[in-house]
Structure formats: structure tokens, C-alpha cells
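Participant: Here the protein sequences come in this chain order: A and B.
Under my numbering, the first residue of the first sequence carries the number -4, and numbering increases by one thereafter.
Under my numbering, the first residue of the second sequence carries the number 6, and numbering increases by one thereafter.
Glycine is no exception: its CB is placed at the ideal position from the N, C-alpha and C atoms.
This is the structure, below, for whatever I ask next.
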Amino acid sequence: MSTSTPLTPLKAPAKAPEPIDPVFRQVRDLVYKVCGIFQLEEKLYLMADACGRRMKAVGAKTPRDYWDLLTANASREAELRQLLNEVTIGETCLFRSQPQLDALRNVILPELVQDNSKQIIKRLRIWSAGCSTGEESYTLAMTLLEESERLLKGWTIEILATDLNDRSVETAKAGIYGDYALRSTPELFKRKYFSKVDDKRLQVRPEVQKLVSFSRLNLQDDSKMLFMKGMDLIFCCNVLIYFDGPSKSKVINHYYSNLNFGGYFFLGTSESLLNLNDKFRLVHFPGAIAYWKPSLKSGSL
Amino acid sequence: MTKSAAATLEERVGQIETTPSIPTIFLPLLNLLNLPPERVKLDEVVKLVSYDNTIAAQCLRVASSPLFGLAKSPDSIRAAVISLGLRRVETILLTCCLGNAFPTENWPLDPTTFWKHSLGCAMVCRKFSEKLATGDSDKAYMAGLLHDIGFMVNCIAFPKEFAAAAAHAAQEQIPFDQAERATMGFTHCETGRELAQKWHLSDDLVQVIAYHHSPKESQGHRPLAALVHLSDLLCRMRGMGYGYYERQKVDLMSDPAWAILLAEHKSLADMDMALFSFQMDEAVEEVSELVATIFGAAKAKN
């Protein structure tokens, strides 16, 4: 399917301050086709900026030259990876996707709690895969803590957070964040779940840290992946975009078997599985999509 | 629904037809919209637009808005129609007609929210239909634009009951038709159908209006009703809903409408629905702007 035609004929040509080179739209479509990450038309300037920085770095004079570099066999993979780094730069922060969290609290948790209500051990297992410096993992922990006296009363919450990078994992364990990472964190959460380190930084409180265990894991290590069993939820945001097709398929298959029936897998807000797996079911929530491993009783296997 | 309730419904909807506020051009416009595009004559459209001052002003305003990025504002209705293009003029006309016909003070919903949903759904229907190559994307557009016309009927004929239904929907965060059924005993599908029949809309549009929440029940127009049903759900999940949080999981592929559409259009199986959803987000802002432009001055007047 082509991504080049905008959804609606009602385009506003005069809206953009300066016209964006159509090559960047081609780059946007290529990035989606290869990596599954989508850039909105109105955010196309971000793609143009990212390309601009890469063009400077590699000495490409025109967008067309850069396109040639991106599509030449010898350089495409390495350059695409560099470009993705530029595109996703600065995206990491706590409470990055409120619609995902709303779906989790309002729709998914009630469903999981009801589905598992007959089990003796009431336990919720969540995996934050490719957790980087821990922002997502703690966000999930705080969101679930908000339900600990209601929906999740009597439930044990386990959040496993893994990343390939040792240094990220160490930073994550410390749980100290500055203004930029905290820019989307509601005041209420800041007061409730953080303590002050100094003028500029806050640290996640022990009761939040207690829910999350960080460790190093390579998603391409098949033997280790087999052990990550019994998950109710897996979050893997803007990580798979760096994998080539076959590796991505393999990781997704692992995720599918790691999940319990009825469990959910979340990607980044504008990231798609590119129809790479037909066992997962794409489901919609207000403002968010997720991939669902249908429950046994849903009869839709 | 009981017999007496059905009679009340028919009677109350019947009164709407005599409402003086329906613009004179409305029915001729609908006839024009049912023609294949090559048979629509520019002069007829210009005549229709010029007939009603309010609508003419709205068309000029939309044509001069930055949304269309024209180099200079059109100085005549004719110039406005030419610069906007016939298809777009038809949409604007229809939206203005319906928007003006129904008073804004009775709305339990914000009218701009309603129009964002209707116009958004129309665009999604058209795009969906193009992707599936159904062959009649203009029809899909019309169907999307009119599918919730029963809301307007409810605003006029059942203002109190409808306000209660809207409050119930928002309070319980449930789909609107469920809330209507629970509080009023009928939905906008039934009242919309009454009105659509009175207006002699074509049968496929009547069927969509009546069965966009239950496409299986449609007689003879299931695929179109299914397409509108799925587009409607997607709109509500992607920021073009009724203005409240709908607490639900939408699993398109296990919806009966999916199977209906798939039986008709095999290419549905290969559609990247995640991408389609992301692309929808691009429409949200534009739809909002268009609605604001059309109703901007009318709103200021009130």
C-alpha cells in the first residue's frame, strides 16, 4: 500500500511555512516500508530536519543525493539506522503516550482482571522490552500503582524491564530524571511518586522502584527469549524499527509465545507490525492501537 | 419498540418535514448529488448556491479561507465554485444546508463535534472505498456524511430524551447507540431512516442510515453499510468521535462487518489497517478547520 497519497483531498497548500522537498515524502514512505514507523504529513518537517542533519554528516548536497545514498545497496541499511536515530531522538520521556496508558487503565486492566479472577495467584506480569533508561517502565509502574487500591487490590505486579545496553540499564536502576524527561509527567504523579534530588532532578520513590526489575537482555538471543514466559503485557516502543525483516519477525514470534492468551503487545504510537505476523490481532482503543493474542474463550483462534 | 412508541416516533419525525428551516435548495441539491459527476452542470450548482444568502456566504468564506490556499479570494459565487471544485462545493453545500437547518441550541452534542465526525467519516469512507477499489467512492463519501443524520432528528423531535441519552453515553463511556437504546428505546438509526425515507434518499443511503450499526440486517446494501460501520468505528477510535472517551476495544477483524466486506473485496485481507489509522490522523486537523470555517460566522452570530 502506498503511503504517498494523503487521506483527504482537502489539503492546505498554504499552511506549511516553506515547501518541503517531495523527496522527504519519499523518505518518509521508505522509512515506513522498511521500519514500520509513520510520520504524519504535518510532522514531515521533522523528517526533513532529520534528513538535513544526516545530509550534513555524510556530505550530501541535495535531498536527491541523500535519497540515492539511502537507496543504494551498499549504504542503505547503515544510513537508514543513522536516520532513524535522528528521527526518534529526544522522544523518550515519562508518560509519553497518554492514550496507551488510558487504554491500559480503562479497558485492558478491567478485562485482564476479569479474565484472571478465578486464578489462585493474582499476578500481573509486564515486560518493558528495550526499556532504555527506564522512563516507560516506571510510567507503567506508577499507572498500575494508581489502581492498587481498586482494580488491582490483592494483585501482585511484576514489571520486567530489559535493554541491550548495560549503561542504560544502570541509569534506569537509579531512576533519576530531569525536566526534559519529566515534561509530560502530571504534577500529581510528580508529587506522589518522586522525591527531590536537587533543583533540577527528581528520583522515583522506592515503592515504584520495587515493582520494576531491570536487567540486560539481547532480544536476538533466542535461548534467553524462551525464558520470558507468562507475560500479560509487552511494551516494545521504537525498538524493532532498528531490526531487519527476518530478525523482526523472529522477535515478534517470541513475543507472541511469551504472552499469555488474552495478552497485549504495544508498539510505539506511530509504529506498526507491517502485517509481519498474522497471529496477532490488531485492536483499536481511543487514540491507540495494540496487538492482541486472542484469549482461548474468544473462540477466534 | 412497542407499536405506540413506533407511532410516536413516526409522528414526531413527520413534524420535522414541515420545519421551515430546511433550506429550499436541499432537495434539489440531493438530486444533483445522486447524478454521476459528469452530468452535474456548473451553472446548476452556481444557481443553487446563489439561491440562499446564508449558504452563498458560507461557500465564499470557505473558498477564501487559508485552508484552500487560493492566491486571491474569489469575488463571485461562480469563481468560488470553480476554485473549490464541484465535488467540494457539493460537500460544503450539504453540510451548510443540514447545519443551518437544525438549530444549535437544542444540541446535547457540540454541533462542531457532530460535523467533525460526519465529515471525517465521509472522508474515511471515500479513502477506504478507494483502497478497496469498490468503484463508487463518491457514494461512500455521501453515505459517510449522512450516516448519523438521525442525530439531528433526535435533537429536534426528542430534545429531552436525546439529551439524557447523550449524558448517559458520556457518563458510562459507552457507544452512543447503546445509550440511546437504553434510555430512549430506539436509536438515531430508526429516526434517521424515517427522515431519509421522507426525503426520498436513494435506497442504499437509506439502508446505510438505518443499518450502519448492524450491517447484517441491511437488505441489498450490506457491503456499503459494512464499510460505513467500520469507518465510523475507526473515526471514533482516532479522535473524530462524539467528544467523549468511549471505553472499548475495537476488534475490526472479528466484527461481522469485516466478513461482509471481505466477501465482497478480497483485497481487504492485505490492507495495512495500522497504516490506515495513522493516515486518518492526518485528516483530523483538516476536518476541524473545514468545520470551523463553515460554521465559524454562524457560531459568532449566536
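1) Quick check on the burial criterion: 16 or more other C-beta atoms within 10 angstroms. Buried or exposed for residue 117 (chain B)?
2) DSSP three-state label for residue 191 (chain A), please.
3) Using a cut-off of 7 Å between C-beta atoms, extract the partners of residue 284 (chain A) located in chain B.
4) Within the same chain, show all residues whose beta-carbon is closer than 6 Å to that of residue 231 (chain A), passing over the 5 residues directly before and after it, in chain order.
5) What is the DSSP secondary structure of residue 218 (chain B), reduced to helix, strand or coil?
6) Enumerate, from N- to C-terminal direction, the unbroken beta strand (DSSP E) stretches of 3 or more residues contained entirely within the stretch 212 to 241 of chain A.
7) Looking at the strands, I want to know which residues DSSP matches up with residue 158 (chain A).
8) Going straight from the alpha carbon of residue 292 (chain B) to that of residue 121 (chain B), what length do you get?
9) Take the Cβ of residue 25 (chain B) as the centre, count every other Cβ of all protein chains shown within 10 Å, and call the residue buried at 16 or more, exposed below.
10) For residue 277 (chain B) versus residue 70 (chain A), is the C-beta distance shorter than 8 Å?
11) Over the uninterrupted alpha helix (DSSP H) stretch that includes residue 124 (chain A), give me the two end residues.
12) I want to verify the contact list: residues of chain D whose CB lies under 8 Å from the CB of residue 268 (chain A), in sequence order.
13) State yes or no: is the C-beta of residue 123 (chain B) within less than 8 Å of the C-beta of residue 134 (chain B)?
14) Provide the residue(s) that pair with residue 277 (chain A) in DSSP beta bridges, ordered along the chain.
15) Please list, in chain order, the residues of the stretch 252 to 271 of chain B that have any C-beta partner in chain A closer than 9 Å.
16) Report the option in A:83, A:92 and A:53 whose CA atom is closest to the CA atom of residue 264 (chain A).
17) Which residues of the stretch 220 to 242 of chain B have a Cβ closer than 9 Å to any Cβ of chain A? Give them in chain order.
18) Mind checking if residue 177 (chain B) is an interface residue toward chain A, Cβ cutoff 8 Å exclusive?
19) Any C-beta of chain A sitting closer than 8 Å to the C-beta of residue 248 (chain B)?
20) Does the ligand SAM have even one heavy atom less than 7 Å from the beta-carbon of residue 134 (chain B)?
21) Within 8 Å of any Cβ in chain A, is that where the Cβ of residue 43 (chain B) sits?
22) Return helix, strand or coil for residue 25 (chain B), following the three-state DSSP convention.
23) Mark residue 99 (chain B) as exposed unless 16 or more other C-beta atoms lie within 10 angstroms of its C-beta, in which case mark it buried.
24) For residue 32 (chain B), tell me which candidate among B:300, B:266, B:283 and B:207 has the shortest Cα-Cα distance.
25) Quick check: the Cα distance between residue 163 (chain A) and residue 218 (chain A), rounded to an integer number of angstroms?
26) Who are the near neighbours of residue 11 (chain A) in its chain, counting only those whose CB is closer than 6 Å to its CB and skipping five residues on each side?
27) Which residues of the stretch 101 to 118 of chain A have a Cβ closer than 7 Å to any Cβ of chain B? Give them in chain order.
28) Tell whether a beta-carbon distance below 8 Å holds between residue 189 (chain B) and residue 162 (chain B).
29) Starting from the C-beta of residue 286 (chain B), find all residues in its chain whose C-beta is less than 8 Å away, skip the five residues before and the five after it, and write them out in chain order.
30) Give me whichever residues DSSP pairs with residue 161 (chain B) in a beta bridge.
31) What do you get for residue 57 (chain B), buried or exposed, if any count of 16 or more other CB atoms within 10 angstroms of its CB means buried?
32) So which residues on chain B does residue 281 (chain A) lean against when the C-beta distance must stay under 7 Å?
33) Specify the secondary structure class of residue 259 (chain A) as computed by DSSP and reduced to three states.
34) Which word fits residue 158 (chain A), buried or exposed, when buried means at least 16 other C-beta atoms lie within 10 angstroms of its C-beta?
35) In the structure shown, what three-state DSSP assignment does residue 296 (chain A) receive?
36) Pick helix, strand or coil for residue 30 (chain B), following the three-state DSSP scheme.
Facilitator: If we stick to the structure as given:
1) buried
2) strand
3) 279 and 282
4) 124 and 125
5) coil
6) 226 to 230
7) A:211
8) 6 Å
9) Bear in mind that the predicted position of residue 25 (chain B) carries a pLDDT of just 41, short of 50, making it unreliable; the figure below should be weighed with that in mind. When all chains shown are included, residue 25 (chain B) counts as exposed.
10) no
11) Where residue 124 (chain A) is concerned, there is no enclosing alpha helix (DSSP H), although the beta strand (DSSP E) it sits in stretches over 118 to 124.
12) Among the chains of the structure shown, chain D does not appear; the protein chains present are A and B.
13) no
14) A:286
15) 252, 253, 254, 255, 256, 257, 258 and 259
16) A:92
17) 238, 239, 241 and 242
18) no
19) no
20) This structure lacks the ligand SAM; in fact it carries no ligand of any kind.
21) no
22) Here residue 25 (chain B) scores only 41 on pLDDT, less than 50, and its place in the model is too uncertain to base an answer on.
23) buried
24) B:207
25) 22 Å
26) Low local confidence applies: a pLDDT of 46 at residue 11 (chain A) is under 50, so the model's placement there is unreliable, with the coordinate-based value given in what follows. Counting only Cβ-Cβ distances below 6 Å, and skipping sequence neighbours, we find nothing.
27) 101 and 102
28) no
29) 243 and 244
30) DSSP output for residue 161 (chain B) lists no bridge partner at all.
31) buried
32) 242, 250 and 251
33) strand
34) buried
35) With a pLDDT of 45 at residue 296 (chain A), under the threshold of 50, the modelled position of this residue cannot be trusted, and the question is left open.
36) coil
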